[in-house]
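Each residue of the sequence shown is one higher than the one before, starting from 0 at the first, in numbering that gives the first Met the number 0.
All C-beta atoms, glycine included, are put in the ideal place defined by N, C-alpha and C.
What follows is a short report on a single structure.
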Amino acid sequence: MESDRRAPRDRVDGLLLLNKPTGMSSNRALQITKRLLNAQKAGHTGSLDPLATGVLPICFGQATKFAQFLLDTDKQYQVTIKLGVRTTTSDSEGEVISEKPVPELSEEQLEQSLDYFRGETDQTPSMFSALKYQGKPLYYYARQGLIVPRPTRKITVWSLKLDAFNKDEVTLSLHCSKGTYVRTIVDDWGERLGCGAHVTALHRTSVGNFSESVMLTLSDLEDQSQSGVSLLPHLLPVDSLVGHFPLIELTDNQSTAMRYGQVVELSHMSDQEYVRLYDTEGFLGVGQLKESTLVARRLMSKAP
Numbered sequence: 000m001e002s003d004r005r006a007p008r009d010r011v012d013g014l015l016l017l018n019k020p021t022g023m024s025s026n027r028a029l030q031i032t033k034r035l036l037n038a039q040k041a042g043h044t045g046s047l048d049p050l051a052t053g054v055l056p057i058c059f060g061q062a063t064k065f066a067q068f069l070l071d072t073d074k075q076y077q078v079t080i081k082l083g084v085r086t087t088t089s090d091s092e093g094e095v096i097s098e099k100p101v102p103e104l105s106e107e108q109l110e111q112s113l114d115y116f117r118g119e120t121d122q123t124p125s126m127f128s129a130l131k132y133q134g135k136p137l138y139y140y141a142r143q144g145l146i147v148p149r150p151t152r153k154i155t156v157w158s159l160k161l162d163a164f165n166k167d168e169v170t171l172s173l174h175c176s177k178g179t180y181v182r183t184i185v186d187d188w189g190e191r192l193g194c195g196a197h198v199t200a201l202h203r204t205s206v207g208n209f210s211e212s213v214m215l216t217l218s219d220l221e222d223q224s225q226s227g228v229s230l231l232p233h234l235l236p237v238d239s240l241v242g243h244f245p246l247i248e249l250t251d252n253q254s255t256a257m258r259y260g261q262v263v264e265l266s267h268m269s270d271q272e273y274v275r276l277y278d279t280e281g282f283l284g285v286g287q288l289k290e291s292t293l294v295a296r297r298l299m300s301k302a303p
């Protein structure tokens, strides 16, 4: 019997901004997109809850080397909240813990209550999250009814706006730092209001400099793929992942030195945590500049 032979995967490099559909895990959305592009290698830059929709950056090929730099950037969301009901997961997919009447609240009172969450605060991640404890995600323990230690983390909420308010339903928009759990903010807010609350819809509108205006849906990709239309033109270049870093152009000798693991002296440059590097062939990678010394941190592989 002949063995099952799969078609060889293509070398695909770049970034695609997917509008993740609700009800699907980020990994499932990633695998479908990877199959549609017949790509060898792919990864995303930070998962969304299955309930959530919106911007899910998917990196292909060499772009996966630079995914961490986008993972570390700020995020923006719009969230719809049900007041008066608290759940185990802080969203509508969990079991109801408590139901309480919603107090008579004015828009001004709601705004004032949100002040607590604006700026820099300490947040304790939800037990229903993918953070690891002793090698397993927290939700593994939560599903067994266990509670394990979770260190607080510093988060920053630069903007938290009340977009709509109708009795027990509220819509907020927020701009926050990496690692912020919107569900946890909502659950904590509900407790401060004295009635409980949970997320009924969550939409990520931006990741770093990438907004939802350039997103593609899975149905868009599937329709084009079935029609024989190439999906490659939808990919953003690899260096778009680090477009927020200062730019340095290197000579060919300098770029060769960096590829051989050597440092480059740039006496005219000030310290930079990260810089994006280019030579005569294009994007070279990311470096770090300290005390006039440039060190490579992530470099593109040479084309075969």
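Query: Inter-stretch contact (C-beta, 8 Å, three-pair minimum) for the segment 106 to 122 and the segment 150 to 166; Result: yes
Query: Contact between the segment 53 to 68 and the segment 182 to 192 (3+ Cβ pairs under 8 Å); Result: no
Query: Three-state secondary structure assigned by DSSP to E107; Result: helix
Query: Cβ shell of V147 (< 6 Å), same chain only, five flanking positions each side left out; Result: Y132, Y140
Query: Beta-carbon proximity list for Q75, same chain, < 6 Å, skipping 5 on both sides; Result: H174, T204, S205
Query: Closest residue to N26 among S46, V11, S105 (Cα-Cα distance); Result: S46
Query: DSSP state of P148 mapped onto helix, strand, coil; Result: coil
Query: V274 versus V95 - alpha carbon distance; Result: 48 Å
Query: Backbone CA spacing between L14 and S212 [nearest angstrom]; Result: 15 Å
Query: Anticipated Cβ contact below 8 Å, S89 with V198, distance rounded; Result: 6 Å
Query: Distance between beta carbons of E98 and V84, contact taken as under 8 Å; Result: 5 Å
Query: Under the three-state DSSP convention, the category Q30 falls into; Result: helix
Query: Q143 and I184 closer than 9 Å at C-beta; Result: no
Query: Coarse secondary structure for A295, derived from DSSP in three states; Result: strand
Query: A51, enclosing beta strand (DSSP E) - first and last residue; Result: Note, A51: premise wrong, no beta strand (DSSP E); not H, not E.
Query: Residue environment, R34, which counts as buried when at least 16 other CB atoms sit within 10 Å; Result: exposed
Query: N-terminal and C-terminal residue of the beta strand (DSSP E) that S224 is part of; Result: It is not in any beta strand (DSSP E) - S224 instead sits in the alpha helix (DSSP H) that spans 217 to 225.
Query: Pair within 9 Å by beta-carbon distance, G260 and T72; Result: no
Query: Residues near L234 by beta carbon distance below 6 Å, same chain, minus five either side; Result: G13, L15
Query: Among H202, K177, A295, A302, nearest to I80 - alpha-carbon criterion; Result: H202
Query: Rounded C-alpha distance that separates L36 from S125; Result: 35 Å
Query: CB contact flag (L17, A200, <9 Å); Result: no
Query: Run of the alpha helix (DSSP H) containing G189, from where it starts to where it stops; Result: 181 to 192
Query: Best match in V285, V241, L246 for proximity to M305 [C-alpha to C-alpha]; Result: Nothing in the structure corresponds to residue 305, since the chain is present only between 0 and 303.
Query: From D222, R296, L249, H267, residue whose alpha carbon lies closest to that of E280; Result: L249
Query: Coil, strand or helix - K301 by DSSP; Result: coil
Query: K177 (DSSP reduced to helix, strand or coil); Result: coil
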